[in-house]
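Residue numbers (our numbering): 333 to 769. Each residue gets a CB set at the ideal place from its N, CA and C atoms; glycine is no exception. So the structure is just underneath, and the comments pick up after that.
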Ligand code: 5CA
């Protein structure tokens with residue numbers, strides 16, 4: 333992508349409305365623009381990151397045996413009257429009337445919608461268990477939308493829904509999501525800690541929040557050091573095996589948010605206790621038969637009985653993750669993207685596009701890197717070198733490849749690692765093989 337033809341409206345000044353780093357940096361890097369309170373447009377660079385995060389979530393959900401589908405954003409109120417949540421949800425629900433004066437709403441979540449689909453389609457224990465998910469925009473008319481896309485009114489969520497014949501089977505479905513979530517966040521370079529949580533308006537009695545640690549997180553969290561020292565991605569998971577030992581092991585260590593932590597009765601020795609700030613990026617719930625009872629979602633058992641289906645819901649804040657990753661990974665100069673979610677892998681900086689040899693070297697490098705499968709942002713603008721470096725640091729691509737007329741004469745380029753600031757001078761061939769190797 334040539335920067336001279338791209339759309340990335342960066343801002344030098346610190347936007348006054350932004351209170352936290354991720355919000356500031358997303359505005360400055362030209363990733364998002366506010367439309368109205370808590371509602372944002374995603375500009376090309378922000379959209380690229382959002383899609384990469386979504387894809388990691390999708391791959392891990394599929395690996396855990398879930399099936400992707402898509403439900404609408406607008407739902408009929410009658411479905412929510414069946415579950416009783418139309419009144420319970422209160423002013424956070426955006427209520428709409430259509431031209432026929434029918435009550436509709438912009439979905440804050442989809443338990444009712446999926447239960448309706450499931451109850452009409454499934455009649456027998458043979459069709460269980462199933463886990464269905466979608467990645468779709470949600471709307472919650474938050475009283476205080478803040479911190480940019482971290483607490484938005486419109487936000488992008490992955491929500492999965494499991495259906496099982498009994499508690500034992502539902503717990504297996506829950507365990508799959510528990511383990512899958514650990515992998516999702518680890519792939520994004522995040523340390524996510526599962527913490528026992530209240531289930532709130534979703535209902536049910538088994539629930540964990542997944543909280544990532546970041547200095548600027550909304551709430552204080554406390555956990556045992558052991559929870560942060562695990563190699564989550566090292567071992568391959570067979571999702572059909574018994575995952576209970578893994579879940580039991582994780583949940584055996586202390587982890588609590590501010591409202592649950594009692595310093596006087598904390599079971600962890602001070603040397604093992606990590607105190608940090610946290611951001612909730614995922615939340616899983618076992619809902620028992622709450623929705624199935626209310627909405628008559630039943631199946632026949634092998635011995636001819638009819639039973640209510642046990643269900644679970646599992647959310648990941650896909651758009652919130654964009655901000656959460658920035659909170660966990662930035663410095664004074666800008667964002668530091670983990671490779672797995674970066675909008676481009678390499679920023680190719682042409683220090684003098686008016687120099688024919690320099691421009692030709694950049695075109696050649698660009699072609700070779702793209703041919704090797706890398707996404708490259710090629711800064712071919714006439715800006716000053718200092719401004720180019722500052723913009724590249726701000727948008728935080730993992731690698732910067734700096735090409736100047738003097739170096740090109742000697743067949744040399746400079747490669748900078750954004751995360752460490754390390755720079756090295758290399759031959760053009762060595763730089764290509766380092767980036768593509
Ligand atoms: N129905 C369940 C799970 S499918 C549910 O809605 N859970 S939730 O309320 O906990 O939301 C799931 C995730 O969405 C949260 O963990 C959080 O990461 C994200 N989220 C919730 N509210 C917002 C918001 N206002 N802005 C951005 N992300 C949000």
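Asked: Opening and closing residue of the alpha helix (DSSP H) in which residue 395 lies; Found: 376–395
Asked: Residue 578: CB within 8 Å of a non-hydrogen atom of the ligand 5CA; Found: no
Asked: DSSP three-state assignment for residue 468, whether helix, strand or coil; Found: strand
Asked: Selected residue, minimal CA-CA separation from residue 397, among 509, 486 and 619; Found: 509
Asked: Residue 455 to residue 390 span [Cα, whole Å]; Found: 28 Å
Asked: Sequence ranges, alpha helix (DSSP H) only - wholly within the stretch 488–566, length at least 4; Found: 499–519
Asked: Beta carbon of residue 687 nearer than 9 Å to that of residue 710; Found: no
Asked: Secondary structure of residue 442, DSSP reduced to three states; Found: coil
Asked: Identity of the residue in 356, 578, 448 and 351 nearest residue 628 by Cα; Found: 448
Asked: Residue 423 beta carbon near the ligand 5CA (any heavy atom closer than 8 Å); Found: no
Asked: Chain-order list of residues whose beta-carbon lies under 7 Å from that of residue 637 (same chain, five-residue window excluded); Found: none
Asked: Three-state secondary structure assigned by DSSP to residue 582; Found: helix
Asked: Reduced DSSP category for residue 400 - H, G, I as helix; E, B as strand; rest coil; Found: strand
Asked: Residues near residue 616 in its chain [Cβ-Cβ closer than 6 Å; skip 5 each side]; Found: 509, 540 and 646
Asked: Residue 591: CB within 8 Å of a non-hydrogen atom of the ligand 5CA; Found: no
Asked: Outcome for residue 666 when other beta-carbon atoms lying within 10 angstroms are tallied against a minimum of 16; Found: buried
Asked: Length of the line joining the Cα atoms of residue 465 and residue 495; Found: 12 Å
Asked: Range covered by the beta strand (DSSP E) that runs through residue 630; Found: 630–632
Asked: Span separating the alpha-carbon of residue 515 from that of residue 431; Found: 45 Å
Asked: Residue 620 Cβ short of 8 Å to the ligand 5CA heavy atom set; Found: no
Asked: Through-space distance from residue 434 to residue 714, alpha-carbon basis; Found: 56 Å
Asked: According to DSSP, residues forming a beta bridge with residue 608; Found: 553
Asked: Alpha-carbon to alpha-carbon, residue 450 and residue 790; Found: Because the chain here runs from 333 to 769, residue 790 falls outside it and cannot be looked at.
Asked: Residue 694 versus residue 733 - alpha carbon distance; Found: 9 Å
Asked: Residue(s) in a DSSP beta bridge with residue 587; Found: 555
Asked: Residue of 372, 342, 336 and 337 minimising C-alpha distance to residue 655; Found: 372
Asked: Spatial distance of residue 571 from residue 422 (CA atoms); Found: 38 Å
Asked: Nearest neighbour of residue 658, chosen from 697, 457 and 674 [CA to CA]; Found: 674
Asked: Contact set for residue 350: own chain, Cβ-Cβ below 7 Å, skip 5 residues either direction; Found: 356, 359 and 480
Asked: Contact test: residue 724 Cβ vs the ligand 5CA heavy atom, cutoff 8 Å; Found: no
Asked: Integer Cβ distance of residue 660 from residue 546, believed to fall under 8 Å; Found: 4 Å
Asked: Same chain, Cβ closer than 7 Å to residue 544, neighbours up to 5 away in sequence not counted; Found: 517, 522, 523, 524, 610, 611, 613, 656 and 660
Asked: Reduced DSSP category for residue 720 - H, G, I as helix; E, B as strand; rest coil; Found: helix
Asked: CB contact flag (residue 528, residue 441, <9 Å); Found: no
Asked: Residues bridged to residue 334 [DSSP beta-bridge criterion]; Found: 710
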